[in-house]
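If you number the sequence shown the way our numbering does, the last residue is 840 and the count never jumps.
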Amino acid sequence: MQTHQKTAFKMPYAGIDPDDGQAVLYGERGDFSMIFQIRNPVLQYGADPDAYSAYHHLLLNMIKILGEGYIIQKQDVFSRQKYQPKPATEFLQQKYNEHFEGREYTSISTYLILTRQVKRGAFYVYDKKVLNDFHQHRSKIYDLLNGSGLSPHLLDETEINRYITAILGMEFSSGHAALDNILSGDQQLGIGTRAVRSISLINTDIIDLPEKLGTYTEKHDGKNLREFPVDNLSFLHQVPGYQCIVYNQVIEIPGQQLTLNKLELKRKRHSGVPDPANLICVEDIDQLLVDVARENQLLVNAHYNIIVCAEVSKINKAANFIEAALFQQGIIPSRNAYNQLELFRSALPGNAVELKKYDWFLTTSDAALCFFFKESMLTDEDSDFLIRFTDRQGIPVGIDPADLPMRTNRINNRSKFVLGGSGSGKSFFMCALLEQYMLYNMDVVIVDVGHSYSGLCAYFGGKYYTYTEKNPITMNPFAISESEYNIEKKDFLKTLIGLLLKGAEGTISQVEDTVFSNVISAYYSEYFMPESEKKIDNLSFDSFYHYSVEKIKEIKDHEKISFDLDEYRYVLKKFCRGGEYGSLLNETSDASVFTERFIVYEIDSIKENKVLFPIVTLIIMDVVLQKMRHRTGQRKALILEEAWKAIASPLMAGYILYLYKTMRKFWGEPIVVTQELGDILGNAVIKDSILNNSDTICLLDQSKFKENYDDIAKLLSLTPIEQKKIFTINQLDNKEYRGKFKEVYIRRGSSGEVYGVEVSLFQYLTYTTEKPEKNAVETYMRAYGSYQTGLEAFVSDLERSGLKLETFVRKVNLEGIFPAGSIEYFKPDFI
Ligand SMILES: Nc1ncnc2c1ncn2[C@@H]1O[C@H](COP(=O)(O)OP(=O)(O)OP(=O)(O)O)[C@@H](O)[C@H]1O
Ligand SMILES: [Mg+2]
Numbered sequence: 010m011q012t013h014q015k016t017a018f019k020m021p022y023a024g025i026d027p028d029d030g031q032a033v034l035y036g037e038r039g040d041f042s043m044i045f046q047i048r049n050p051v052l053q054y055g056a057d058p059d060a061y062s063a064y065h066h067l068l069l070n071m072i073k074i075l076g077e078g079y080i081i082q083k084q085d086v087f088s089r090q091k092y093q094p095k096p097a098t099e100f101l102q103q104k105y106n107e108h109f110e111g112r113e114y115t116s117i118s119t120y121l122i123l124t125r126q127v128k129r130g131a132f133y134v135y136d137k138k139v140l141n142d143f144h145q146h147r148s149k150i151y152d153l154l155n156g157s158g159l160s161p162h163l164l165d166e167t168e169i170n171r172y173i174t175a176i177l178g179m180e181f182s183s184g185h186a187a188l189d190n191i192l193s194g195d196q197q198l199g200i201g202t203r204a205v206r207s208i209s210l211i212n213t214d215i216i217d218l219p220e221k222l223g224t225y226t227e228k229h230d231g232k233n234l235r236e237f238p239v240d241n242l243s244f245l246h247q248v249p250g251y252q253c254i255v256y257n258q259v260i261e262i263p264g265q266q267l268t269l270n271k272l273e274l275k276r277k278r279h280s281g282v283p284d285p286a287n288l289i290c291v292e293d294i295d296q297l298l299v300d301v302a303r304e305n306q307l308l309v310n311a312h313y314n315i316i317v318c319a320e321v322s323k324i325n326k327a328a329n330f331i332e333a334a335l336f337q338q339g340i341i342p343s344r345n346a347y348n349q350l351e352l353f354r355s356a357l358p359g360n361a362v363e364l365k366k367y368d369w370f371l372t373t374s375d376a377a378l379c380f381f382f383k384e385s386m387l388t389d390e391d392s393d394f395l396i397r398f399t400d401r402q403g404i405p406v407g408i409d410p411a412d413l414p415m416r417t418n419r420i421n422n423r424s425k426f427v428l429g430g431s432g433s434g435k436s437f438f439m440c441a442l443l444e445q446y447m448l449y450n451m452d453v454v455i456v457d458v459g460h461s462y463s464g465l466c467a468y469f470g471g472k473y474y475t476y477t478e479k480n481p482i483t484m485n486p487f488a489i490s491e492s493e494y495n496i497e498k499k500d501f502l503k504t505l506i507g508l509l510l511k512g513a514e515g516t517i518s519q520v521e522d523t524v525f526s527n528v529i530s531a532y533y534s535e536y537f538m539p540e541s542e543k544k545i546d547n548l549s550f551d552s553f554y555h556y557s558v559e560k561i562k563e564i565k566d567h568e569k570i571s572f573d574l575d576e577y578r579y580v581l582k583k584f585c586r587g588g589e590y591g592s593l594l595n596e597t598s599d600a601s602v603f604t605e606r607f608i609v610y611e612i613d614s615i616k617e618n619k620v621l622f623p624i625v626t627l628i629i630m631d632v633v634l635q636k637m638r639h640r641t642g643q644r645k646a647l648i649l650e651e652a653w654k655a656i657a658s659p660l661m662a663g664y665i666l667y668l669y670k671t672m673r674k675f676w677g678e679p680i681v682v683t684q685e686l687g688d689i690l691g692n693a694v695i696k697d698s699i700l701n702n703s704d705t706i707c708l709l710d711q712s713k714f715k716e717n718y719d720d721i722a723k724l725l726s727l728t729p730i731e732q733k734k735i736f737t738i739n740q741l742d743n744k745e746y747r748g749k750f751k752e753v754y755i756r757r758g759s760s761g762e763v764y765g766v767e768v769s770l771f772q773y774l775t776y777t778t779e780k781p782e783k784n785a786v787e788t789y790m791r792a793y794g795s796y797q798t799g800l801e802a803f804v805s806d807l808e809r810s811g812l813k814l815e816t817f818v819r820k821v822n823l824e825g826i827f828p829a830g831s832i833e834y835f836k837p838d839f840i
């Protein structure tokens with residue numbers, strides 16, 4: 010039987026003491042450390058090479074500030090976690106949570122430990138000056154990190170203890186680590202049922218490093234990722250089968266003069282012996298000395314260790330993967346496995362002082378920092394208005410599309426522009442956004458063509474107005490109270506009359522404009538004047554028409570202007586009662602639009618009607634504006650799917666500008682959704698009024714537009730970096746273990762990120778625009794009386810049937826709802 014010698018694992022610390030109000034961790038030799046938790050500022054898949062270099066320079070600066078006698082230890086902790094959602098009160102949100110609950114993901118946390126060394130071998134002497142010095146450095150470093158957006162947080166005593174315990178137990182997921190015995194082996198350590206293996210990057214016997222290394226690596230995957238900047242150690246994101254990885258990066262700043270002298274001496278010694286290996290060594294030293302002299306760099310001792318922890322059965326796979334990945338980069342990791350316990354101990358925070366001479370290698374600070382890990386992953390934004398999409402690995406992450414970026418001046422308005430080819434998932438994405446908007450106090454009005462929002466509207470029990478010939482959407486934009494009559498209303502009516510007379514593509518002359526203006530003023534003053542003999546007994550298009558024909562005749566006679574009254578009378582007549590479009594502008598709209606929270610105007614049936622389409626869209630806009638003034642306490646969103654085309658004409662450009670401005674002032678956001686490239690390129694109205702006023706741009710899969718991309722990039726002002734991110738949409742190898750999803754790029758202000766739109770089956774069925782799927786869900790809804798119960802029954806029958814969604818849908822559409830009592834075969838593999 011094999012026996013193990015038991016030794017107590019002696020902790021290398023003297024204790025933690027508060028000094029200057031901060032927790033200082035003392036090593037047993039008297040050296041002392043402070044620990045910051047930070048956030049690496051470079052976002053994974055951020056596509057920006059400068060971000061890597063900027064972080065590199067920041068770290069370089071830090072080394073310069075600290076100077077001789079310091080050790081900088083940076084630890085990036087990768088740990089596999091299971092997603093735990095916060096409970097939701099709302100049905101679909103609860104389903105969303107259930108969809109993601111327990112999904113495995115990686116979280117990265119980063120710690121920076123500053124250690125002040127003391128002279129080796131000397132007795133520990135308390136030196137107030139050194140400590141004061143240390144605090145000054147600490148506060149300088151804090152400012153540096155804070156100023157660069159790394160959100161530094163100095164750990165207090167409890168947090169330090171917790172962190173040390175977590176490292177000792179290699180346990181970062183549960184929050185309360187239980188310490189097991191550490192079993193020291195030749196190859197690895199054993200902690201309970203898990204193995205911990207240190208892979209030291211550099212074998213100091215033979216330094217096997219790539220010739221050249223930058224602050225990042227360019228990745229090419231042969232498809233869509235071309236010259237895509239990633240971290241030098243980006244493979245750490247993909248290690249298979251591990252539980253946690255601590256990447257321990259250490260830099261010691263030795264006395265410079267002394268180190269230089271030693272180096273010179275070594276050079277002399279080597280150059281005396283004419284052996285090729287020695288000559289290489291001399292060359293290396295020369296290069297190092299040149300860097301130090303010319304580039305004013307510091308000489309540092311560096312040490313890197315990847316400590317990977319996995320179940321014993323999986324450790325080999327994980328470690329082999331890391332070694333192979335390092336090898337691919339030209340790094341041959343150290344084969345010295347014998348000092349596993351030593352290596353592990355030296356990774357304890359502040360304990361890099363225990364590293365032996367052979368663990369270090371000498372280089373310049375610039376070169377040493379190339380091996381520092383620089384990336385972080387998306388995390389929830391710090392806001393209470395969060396909308397959840399997923400990150401690239403498929404974990405929900407909350408972003409604030411409105412308030413936070415406004416507060417930080419990232420954007421100046423909340424308006425959005427959504428672009429993607431047909432079927433790329435625009436409406437689906439909008440549904441995901443709007444469903445969550447409804448969780449906040451948001452009023453939503455959608456002008457749609459093609460019934461993409463009927464499911465969501467039914468779920469929320471909103472108002473769904475469909476334009477049909479029998480039952481047209483009616484409004485009476487002329488009926489207003491005296492207090493509502495103002496310059497903007499007058500402008501709107503002027504635009505409307507211009508549109509009725511000339512059509513969307515027409516233009517209005519100065520004379521016509523003045524005439525309309527005068528007539529509208531006269532019409533309302535006549536109506537609101539109490540003592541006058543009222544000629545107008547009600548406000549409507551009809552009464553306006555009759556009044557205006559008289560009035561224009563009067564103006565013409567009086568002013569001797571040319572105005573085609575006959576044309577006016579003839580063209581506008583069809584909007585009078587009894588005319589072809591007689592009900593459109595003469596009947597008051599449903600008053601509930603002012604209080605309803607979710608409204609859809611579905612105008613698919615008139616989208617080809619050149620006369621009606623723009624008029625109906627325009628008057629809907631007017632109702633929305635009125636509603637906005639009524640509902641001051643609510644946020645508002647107005648979604649225009651394709652309908653924007655109806656109003657994007659020069660005649661209405663002024664009105665669109667006014668609409669955008671007014672919405673912004675009333676806590677509202679217009680969102681224009683489109684697939685029509687031809688319509689947006691070269692359309693001055695789109696550019697000047699819609700795009701210029703939309704600080705947020707959401708792009709679905711753009712591969713269909715690839716040929717025209719230069720034009721689109723110019724129109725949307727997309728920098729090459731943003732384009733790189735955009736071309737990763739739906740292209741990453743991140744589909745495994747996830748539901749069906751599509752990705753969207755959201756740019757707030759000048760930079761954006763790609764997110765996943767992945768939802769539960771329940772939400773999928775609510776959002777889908779596939780006609781058969783919609784029909785089948787509607788069949789259930791009718792049978793069960795309410796959307797939610799219909800949906801629940803649908804999903805439970807689908808599961809019971811064991812059929813694929815597609816087959817189940819076909820069956821329901823043919824035979825009606827799935828008969829009760831059918832046998833369960835197996836779970837369907839939906840998505
Ligand atoms: N994020 C997603 N997850 C799962 N399925 C999706 C997703 N996005 C889109 N789909 C699928 O693709 C279909 C088409 O999506 P959607 O209707 O949103 O496209 P669209 O861009 O609005 O197209 P159009 O321009 O024709 O209106 C959806 O019905 C759904 O089945
Ligand atoms: Mg759509």
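Backbone N, C-alpha and C fix where the C-beta goes; we use that ideal spot for every residue, glycine too.
Contact set for residue i: own chain, Cβ-Cβ below 7 Å, skip 5 residues either direction
i	result
Gln265	Glu77, Leu307, Leu308
Gly407	Asp389, Glu390, Leu395, Ile396, Arg397
Proximal residues to residue i (C-beta, below 6 Å), its chain only, five neighbours per side dropped
i	result
Leu34	Ile25, Ser42, Ile169, Gly359
Ala662	Val694, Ser698
Ser461	Ser436, Thr778
Glu491	Phe537
Arg756	Ile706
Residue i versus residue j: straight-line alpha-carbon distance, rounded
i	j	result
Asp409	Thr705	12 Å
Leu234	Leu741	9 Å
Met451	Val317	47 Å
Gly231	Gln53	19 Å
Gln145	Tyr105	48 Å
Ser343	Gln126	26 Å
Leu67	Thr373	15 Å
Pro94	Ser182	15 Å
Glu833	Arg809	Interpretation of Glu833 is limited by its pLDDT of 49, a score under 50 that renders its predicted location unreliable; the figure taken from the coordinates is listed afterwards. Glu833 and Arg809: Cα-Cα distance of roughly 5 Å.
Gln11	Ala333	A caution first: Gln11 carries a pLDDT of 49, below 50, which makes its placement in the model unreliable, though a value can still be read off. One C-alpha to the other measures close to 33 Å.
Glu745	Glu767	13 Å
Tyr796	Phe438	20 Å
Glu752	Asp710	7 Å
Lys616	Ala652	8 Å
Lys221	Asn305	19 Å
Thr226	Glu384	12 Å
Ser322	Thr224	35 Å
Glu731	Ile656	30 Å
Ala97	Leu465	18 Å
Pro481	Val458	15 Å
Ser431	Tyr664	28 Å
For residue i, the residue or residues it bridges with in DSSP
i	result
Tyr35	Gly24, Phe41
Val682	Val427, Glu650
Met451	Arg644
Val299	Paired residues: none, contrary to the question.
Leu774	Paired residues: none, contrary to the question.
Neighbourhood of residue i by C-beta distance below 8 Å, restricted to the same chain and skipping five residues each side
i	result
Asn485	Leu548, Ser549, Phe550, Leu594, Asn595, Glu596, Thr597, Ser598
Asn822	Pro781, Asn784, Ala785, Thr788
Tyr1	Residue numbering for the chain in the displayed model covers 10 to 840; residue 1 lies beyond these limits and cannot be assessed.
Nearest-angstrom beta carbon gap, residue j and residue i [assumed within contact, 8 Å]
i	j	result
Thr671	Leu627	Their Cβ separation, rounded to whole angstroms, is 14 Å, which puts Thr671 and Leu627 out of contact at 8 Å.
Phe426	Ser160	Between Ser160 and Phe426 the Cβ distance is about 31 Å, and since that is not below 8 Å, they are no contact.
Thr124	Ile80	4 Å
Thr399	Tyr764	6 Å
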